[in-house]
Amino acid sequence: MYKRGLVQVWSLEQPEWHCRIDEGSAGLVASCWSPDGRHILNTTEFHLRITVWSLCTKSVSYIKYPKACQQGISFSRDGRYLALAERRDCKDYVSIFVCSDWQLLRHFDTDTQDLAGIEWAPNGCVLAVWDTCLEYKVLLYSLDGRQLAAYCAYEWSLGVKSVAWSPSSQFLAVGSYDGKVRILNHVTWKMLTEFAHPAAISDPRVVVYKEAEKSPRGALGRPACPSFRAAESKYEIAAVPVSLQTLKPAADRANPKIGVGLLAFSPDSYFLATRNDNVPNAVWVWDMQKLRLFVVLEQLGPVRSFQWDPQRPRLAICSGGSKVYLWSPAGCVSVQVPGEGDFQVLSLCWHVTGASLALLSKDHFCLCFLETEDEADGAIGQLGAHT
Amino acid sequence: MGDWMTVTDPGLSSESKNISQYTSETKMSPSSLYLQKVLCSSIPLSKNVHSFFSAFCTEENIEQSISYLDQELTTFGFPSLYEESKGKETKRELNIVAVLNCMNELLIRQRKNLLAQENVETQNLKLGSDMDHLQSCYAKLKEQLETSRREMIGLQERDRQLQCKNRNLHQLLKNEKDEVQKLQNIIASRATQYNHDMKRKEREYNKLKERLHQLVMNKKDKRIAMEVLNYVGRADGKRGSWRTDKSEARNEDEMYKILLNDYEYRQKQILMENAELKKVLQQMKKEMISLLSPQKQKPIEKADDSTGTGISDVEEDPGELSRESIWDLSCETVREQLTNSIRKQWRILKSHVEKLDNQVSKVHLEGFNDEDVISRQDHEEETEKLELEIQQCKEMIKTQQQLLQVNQQLATTCDDDTTSLLQDCYLLEEKERLKEEWSLFKEQKKNFEKERRSFTEAAIRLGLERKAFEEERASWLKQQFLNMTTFDHQNSENVRLFSAFSGSSDRDNLTVHSRPRQKPYRVSNGSPICTSKLTKSLPASPSTSDFCQTRSCVSEHSSISVLNMTPEETRPNQVGGECANQKWSVASRPASQDGCCSECSWTSTNSHVEKDGLP
Numbered sequence: 026m027y028k029r030g031l032v033q034v035w036s037l038e039q040p041e042w043h044c045r046i047d048e049g050s051a052g053l054v055a056s057c058w059s060p061d062g063r064h065i066l067n068t069t070e071f072h073l074r075i076t077v078w079s080l081c082t083k084s085v086s087y088i089k090y091p092k093a094c095q096q097g098i099s100f101s102r103d104g105r106y107l108a109l110a111e112r113r114d115c116k117d118y119v120s121i122f123v124c125s126d127w128q129l130l131r132h133f134d135t136d137t138q139d140l141a142g143i144e145w146a147p148n149g150c151v152l153a154v155w156d157t158c159l160e161y162k163v164l165l166y167s168l169d170g171r172q173l174a175a176y177c178a179y180e181w182s183l184g185v186k187s188v189a190w191s192p193s194s195q196f197l198a199v200g201s202y203d204g205k206v207r208i209l210n211h212v213t214w215k216m217l218t219e220f221a222h223p224a225a226i227s228d229p230r231v232v233v234y235k236e237a238e239k240s241p242r243g244a245l246g247r248p249a250c251p252s253f254r255a256a257e258s259k260y261e262i263a264a265v266p267v268s269l270q271t272l273k274p275a276a277d278r279a280n281p282k283i284g285v286g287l288l289a290f291s292p293d294s295y296f297l298a299t300r301n302d303n304v305p306n307a308v309w310v311w312d313m314q315k316l317r318l319f320v321v322l323e324q325l326g327p328v329r330s331f332q333w334d335p336q337r338p339r340l341a342i343c344s345g346g347s348k349v350y351l352w353s354p355a356g357c358v359s360v361q362v363p364g365e366g367d368f369q370v371l372s373l374c375w376h377v378t379g380a381s382l383a384l385l386s387k388d389h390f391c392l393c394f395l396e397t398e399d400e401a402d403g404a405i406g407q408l409g410a411h412t
Numbered sequence: 150m151g152d153w154m155t156v157t158d159p160g161l162s163s164e165s166k167n168i169s170q171y172t173s174e175t176k177m178s179p180s181s182l183y184l185q186k187v188l189c190s191s192i193p194l195s196k197n198v199h200s201f202f203s204a205f206c207t208e209e210n211i212e213q214s215i216s217y218l219d220q221e222l223t224t225f226g227f228p229s230l231y232e233e234s235k236g237k238e239t240k241r242e243l244n245i246v247a248v249l250n251c252m253n254e255l256l257i258r259q260r261k262n263l264l265a266q267e268n269v270e271t272q273n274l275k276l277g278s279d280m281d282h283l284q285s286c287y288a289k290l291k292e293q294l295e296t297s298r299r300e301m302i303g304l305q306e307r308d309r310q311l312q313c314k315n316r317n318l319h320q321l322l323k324n325e326k327d328e329v330q331k332l333q334n335i336i337a338s339r340a341t342q343y344n345h346d347m348k349r350k351e352r353e354y355n356k357l358k359e360r361l362h363q364l365v366m367n368k369k370d371k372r373i374a375m376e377v378l379n380y381v382g383r384a385d386g387k388r389g390s391w392r393t394d395k396s397e398a399r400n401e402d403e404m405y406k407i408l409l410n411d412y413e414y415r416q417k418q419i420l421m422e423n424a425e426l427k428k429v430l431q432q433m434k435k436e437m438i439s440l441l442s443p444q445k446q447k448p449i450e451k452a453d454d455s456t457g458t459g460i461s462d463v464e465e466d467p468g469e470l471s472r473e474s475i476w477d478l479s480c481e482t483v484r485e486q487l488t489n490s491i492r493k494q495w496r497i498l499k500s501h502v503e504k505l506d507n508q509v510s511k512v513h514l515e516g517f518n519d520e521d522v523i524s525r526q527d528h529e530e531e532t533e534k535l536e537l538e539i540q541q542c543k544e545m546i547k548t549q550q551q552l553l554q555v556n557q558q559l560a561t562t563c564d565d566d567t568t569s570l571l572q573d574c575y576l577l578e579e580k581e582r583l584k585e586e587w588s589l590f591k592e593q594k595k596n597f598e599k600e601r602r603s604f605t606e607a608a609i610r611l612g613l614e615r616k617a618f619e620e621e622r623a624s625w626l627k628q629q630f631l632n633m634t635t636f637d638h639q640n641s642e643n644v645r646l647f648s649a650f651s652g653s654s655d656r657d658n659l660t661v662h663s664r665p666r667q668k669p670y671r672v673s674n675g676s677p678i679c680t681s682k683l684t685k686s687l688p689a690s691p692s693t694s695d696f697c698q699t700r701s702c703v704s705e706h707s708s709i710s711v712l713n714m715t716p717e718e719t720r721p722n723q724v725g726g727e728c729a730n731q732k733w734s735v736a737s738r739p740a741s742q743d744g745c746c747s748e749c750s751w752t753s754t755n756s757h758v759e760k761d762g763l764p
């Protein structure tokens, strides 16, 4: 509850257990768990400081000068270390803390103008740091604070929009405002290849799925089903060459809708899913083994978010409608979220086992269970929903 | 030809037209009315030939015409028509010979002239056509020249335009580049400006933050709190520890350990990859060497540099191969060596392939080549080998066929009976054997029957004799008893003994009775045992049994002799059901008492076979 500055914590196993943290006048801007689940990090208003509340010792630690940026906090995958972006005297620093006792391990400055984000590699040994969108700069630091490499693709244009590590830590995908994704390899930190997102696809090996309405129309041309229930849709395969819907961004506004805004690797590092913001309805899936475009999924509405199943190469996409879309190399399917009223799926989140999926709308959430009849199928058998 | 003018004869006007027909075409005579008339006339020859010919010379002007002709001919160089005049006054006589000669000469000349005229006419025609042709060519070429000139002008114009455009574009590009540079400079300057501004603002912001922070810190000491129902245990179950230098050092150690592990892991992966790639390279090198080695002969003949290095490489390689273990190292020199050797081999292979390509292209042109020779030789050798193999196989097949035929012949020459016999030969053997054994068995049976009968007779005799003996004994005993009872009662024990003895003797009698009957029956090889038992049982009746003993011994002997024979006979007989049953083992029967055991065994065993049936 950000407005009131309160954080309330409940236990899933012991319903009687309850904890309340009151930040009071310090205000609350962001709150997140620590990876061991025993500490809560609260970011106060105006990013004055980060308070680390310990649930086991009831102790409090403060971290000063956190940076207010897109992604200023990053926990390493094994939960040992926390990397925090700081800014003092107009210079960016990165502090590495040990999560077990919140001791400061390393503190080093970065060669950035205005640090926009940091992210640990899944192997926990390399930290990727990227600069503001006004400058294309990606820096790689080792765990002990040494700079390993710096990468700059071009100058004088809007730079990095999004960054993603592959789960094997072999690739670093950098999506930029010029609509391209550049893949860096972990050995030399040089570009392996770049993926462009043109609006016209002409490669015949690419499969393009187009979402199409399959509502039966009545004699008068009105949809046969009642209006409050959204129409069913299905995927059709479109023949190549295909041209996708593009969006012309307003050039005089901030945060233009161009560039690669969303990047995600599949858990086996075989696929990379991207979204180019000026082709907002399409999700591009790239094959990382052959380093080329594999599948393009075009939805009827703009894609809001997508996430890979943590266990297998299965992608769940939501586009703000009342459907959730699933893609896997075996095929793709569009599923209607059952419920009364209009359930607008704004974001989604997979469970760690990959057996269920949480769909979030503005003030409701829906839990999907995926039951597979046989493993080879890879598609949904049945769908259960609870709100 | 002005002479025509002098001889003006009105009569000639019409005739001379015809004459001039022949000559008017080639001779351009000066303009005269006479000639024009002649030229214009178009009188056909056939009609007026005679008139024509007669028009020149008529009856009246023979002399004139002759003189005229003579004048003409002499001017042409012909000999005179007149005979040589003797005097000036006398009339000259016409020399007919000269006339004829002149005529002939004129005819010949006429023919020549006609031929020449024809030639000239054809030549004229040819020249005329050539001229036309040349004129047309000239016209065409002129046209072409015109068009090409126009084209050239057009192209030049275009070229000029394009060059203009090019220059314009270059100019534009330069302008754009300048603009870009300018903009970049502007951006850079603006960026620095903004950075300054931002820093300033940020400092302000930080100051404000600091102040706010202080204010907030002062305020919220009382209100900020955390309420927890109960504490949550630590993830690793330990209690919180103080922050000390030791813990800091520990953290550092852990961090470095993690980093080192990661580096080691990556290095292992890279080493593995390197090793695999090196293996692949070495394999490739070996294969390339093997590919190139059959062509060793050729390089020796030719004196190419590349092939020279090929030989040297091949020589080097055995030495290199022995140092294969060194390849596993990853030092600079080894790597260089490997890559250099692979490059060399690849170059050699490439040059070889190029040579082959050239030769192949030559083959298409010439049709014979060294390569072909070698391959043909190989081909021929292989074909020879294959043919040899085929011959061998054929011979083998023939021999096998022959053998099969022989076998079939042998099979077909036998009769059906013999074949059936042959087929059943084994069975027949067995059948015969069985028959033999049957006959043997039957003989033995007969023998046994005979013996049995004899033994029964002997037994009956023996029994009768025994009865008589017993009677005698009994009478003797009575006598003895009568003698003895006069002495004592003490000898009542003896009586008991005697009674017992008699009882036993009775038993013995019974047994002895039974024994002779049993004797003729065969006993297995355990006969020595039986005899020993018999001897054991025999002493039970010492006095009276002596006789029996001797008798039994006799019978034993006889029986033994018989018994000894039969087992030997029975031994080879393994076929036949009854023979098997005749085997006994006396020892297998449980022995309870000495005396009775053998008899019991006898009886029990005998009951197996015995048809007579003992009690």
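First to last, the protein sequences are chains R and H.
Heads up: take any position in the first sequence, counting from 1, add 25, and you land on our numbering.
Heads up: take any position in the second sequence, counting from 1, add 149, and you land on our numbering.
Glycine included, C-beta positions come from ideal geometry on N, C-alpha and C.
- Taking 8 angstroms as the upper bound for CB-CB distance, R:ALA289 and R:ALA298 are in contact here, some 5 angstroms apart.
- Counting C-beta atoms within 10 angstroms of its own C-beta, R:TRP375 has 16 or more neighbours from the protein chains shown and is therefore classed as buried.
- A direct Cα-Cα distance of roughly 5 angstroms separates R:ILE88 from R:ILE75.
- Remark: C-beta atoms of R:VAL349 and R:CYS393 approach each other more closely than 8 angstroms.
- DSSP lists R:ASP312 as the beta-bridge partner residues of R:PHE296.
- In this structure R:GLU144 does not touch R:TRP78 by the C-beta definition: roughly 24 angstroms separates them, more than the 8 angstroms allowed.
- Counting of Cβ neighbours within 10 angstroms places H:TYR405 among the exposed residues, the total staying below 16.
- R:ASP134 is bridged by DSSP to R:TYR118.
- Within chain H, LYS358 and LEU361 have C-beta atoms less than 8 angstroms from the C-beta of R:PHE71, given in sequence order.
- For R:ASP334, the number of other beta carbons within 10 angstroms of its own is at least 16, and it is reported as buried.
- Not flagged as an interface residue toward chain R: H:LEU420, since no C-beta distance is shorter than 8 angstroms.
- Secondary structure at R:ALA55: strand, using DSSP grouped into helix, strand and coil.
- Taking each of R:PRO281, R:GLU160, R:ALA355 and R:PHE196 in turn and checking the Cα distance to R:GLY142, the smallest one comes out for R:GLU160.
- In the structure shown, H:TRP625 falls within a helical segment according to DSSP collapsed to helix, strand and coil.
- Contact of R:CYS150 with chain H is assigned, a C-beta pair being separated by under 8 angstroms.
- Check the Cα spacing between H:ARG484 and each of H:VAL502, H:LEU426 and H:PRO443: the tightest is with H:LEU426.
- Against R:LEU168, the close residues of chain H are MET404, TYR405, ILE407, LEU408 and ASP411, in the order they occur along the chain (beta-carbon pairs closer than 9 angstroms).
- Chain R has a Cβ within less than 8 angstroms of the Cβ of H:SER396.
- Where R:GLU111 is concerned, the enclosing beta strand (DSSP E) starts and stops at 106-113.
- It is roughly 7 angstroms from the alpha-carbon of R:ALA237 to the alpha-carbon of R:GLU261.
- At a Cβ-Cβ threshold of 8 angstroms, H:THR223 and H:SER229 count as neighbours.
- Here DSSP, grouped into helix, strand and coil, assigns H:TYR412 to helix.
- The C-alpha of R:PHE100 is placed about 12 angstroms away from the C-alpha of R:SER120.
- Three or more beta-carbon pairs separated by less than 8 angstroms are not found between the segment 221-229 of chain R and the segment 176-187 of chain R, which leaves the two stretches without contact.
- The DSSP-derived three-state label of H:GLU606 is helix.
- Looking at R:CYS391, R:LEU217, R:LEU269 and R:ALA355, the one whose alpha-carbon comes closest to that of R:PRO338 is R:ALA355.
- The C-alpha of H:ARG496 lies about 17 angstroms from the C-alpha of H:PRO443.
- Exposure of R:GLU41 is indicated by the presence of fewer than 16 other C-beta atoms within 10 angstroms of its C-beta.
- Around the C-beta of H:LEU409, fewer than 16 other C-beta atoms lie within 10 Å, and the residue is accordingly described as exposed.
- Looking only at R:ALA93, R:TRP127, R:CYS81 and R:ALA146, the smallest Cα-Cα distance to R:ASP117 is reached by R:ALA93.
- About 11 angstroms separates the Cβ atoms of R:CYS124 and R:GLY149, ruling out a contact at the 8 angstroms cut-off.
- By a beta-carbon distance limit of 8 angstroms, R:GLY345 contacts R:PRO327. Their separation comes to about 7 angstroms.
- Your pair R:LEU73 and H:HIS362 checks out as a contact, with CB atoms roughly 5 angstroms apart and the cut at 8 angstroms.
- With respect to the 8 angstroms criterion, H:ILE336 and R:TRP311 are not classified as neighbours on the basis of their beta carbons.
- In this structure, the straight-line span from the alpha carbon of R:GLN33 to that of R:VAL304 is close to 40 angstroms.
- R:ASP47 and R:GLY30 have their C-alpha atoms some 6 angstroms from each other.
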